[in-house]
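A.B. asks: A single structure is presented below for examination.
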Amino acid sequence: MAKKLTEHIDDLPEERKAIINRLRRIEGQLREIQRMIIEEKPCVEVLTQLSAARNAMQQACVEIIKKNMYKCIRESANTDKNIEELEKLVSALINLAPSTNS
């Protein structure tokens with residue numbers, strides 16, 4: 001019988017558990033924002049929470065990219081596959097940056 005996703009978490013390395021926990025907190029933030037909208041909380045309060053959730057998501061992305069970049073570097077960036085992976089990670093990081101178009 002297949003394990004549930006939550007049953008796999010105990011088997012993960014600590015750094016992956018930390019990311020999962022971070023994402024769970026973000027998930028909780030998003031549920032709270034939904035509740036705020038249903039309860040017609042003031043727009044400024046909702047936007048403040050959305051901004052906090054967005055920042056938390058960006059930080060999660062940065063952590064994931066950072067860990068993968070370190071992994072590629074540790075495994076020697078001299079192979080074509082690792083160089084290609086590093087280029088993809090850098091592109092993903094650039095895409096995370098806030099747009100300067102106003």
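Going by the UniProt record's numbering, the sequence shown opens with residue 1, and the numbers climb by one from there.
Positions of the beta carbon are idealized from the N, C-alpha and C atoms, including for glycine.
Candidates Ala53, Leu47, Val46, Thr48: which alpha carbon is nearest Arg24's?
C.D. replies: Ranking Ala53, Leu47, Val46, Thr48 by Cα distance to Arg24 puts Ala53 first.
A.B. asks: Three-state secondary structure (DSSP) at Thr79?
C.D. replies: Looking at Thr79 - three-state DSSP - the assignment turns out to be coil, as it is neither helix nor strand.
A.B. asks: Return helix, strand or coil for Ala97, following the three-state DSSP convention.
C.D. replies: In the structure shown, Ala97 sits in coil (DSSP, three-state: anything other than H, G, I, E or B).
A.B. asks: If distances are taken between C-alpha atoms only, which option among Asn68, Leu30, Asn21, Glu39 comes closest to Asn82?
C.D. replies: When only C-alpha atoms are compared, the closest one is Asn68.
A.B. asks: Output the distance between the C-alpha atoms of Ile64 and Glu32, rounded to the nearest integer angstrom.
C.D. replies: Taking the straight line from one Cα to the other gives about 24 Å.
A.B. asks: When burial is assigned at 16 or more other CB atoms within 10 Å of the CB, is Cys72 buried or exposed?
C.D. replies: That one is buried.
A.B. asks: Where do the ends of the alpha helix (DSSP H) carrying Glu14 lie?
C.D. replies: Looking at the DSSP string, the run of the alpha helix (DSSP H) that includes Glu14 is 14 to 38.
A.B. asks: Whose CA, out of Ile37, Glu39, Gln49, lies closest to the CA of Gln29?
C.D. replies: Among Ile37, Glu39, Gln49, the Cα nearest to that of Gln29 is on Gln49.
A.B. asks: Rounded to whole angstroms, what is the Cα-Cα separation between Ser102 and Ile19?
C.D. replies: The predicted model places Ser102 with a pLDDT of 46, which falls under 50 and marks its position as unreliable; any figure quoted below should be read in that light. Spanning the two alpha carbons is a distance of roughly 32 Å.
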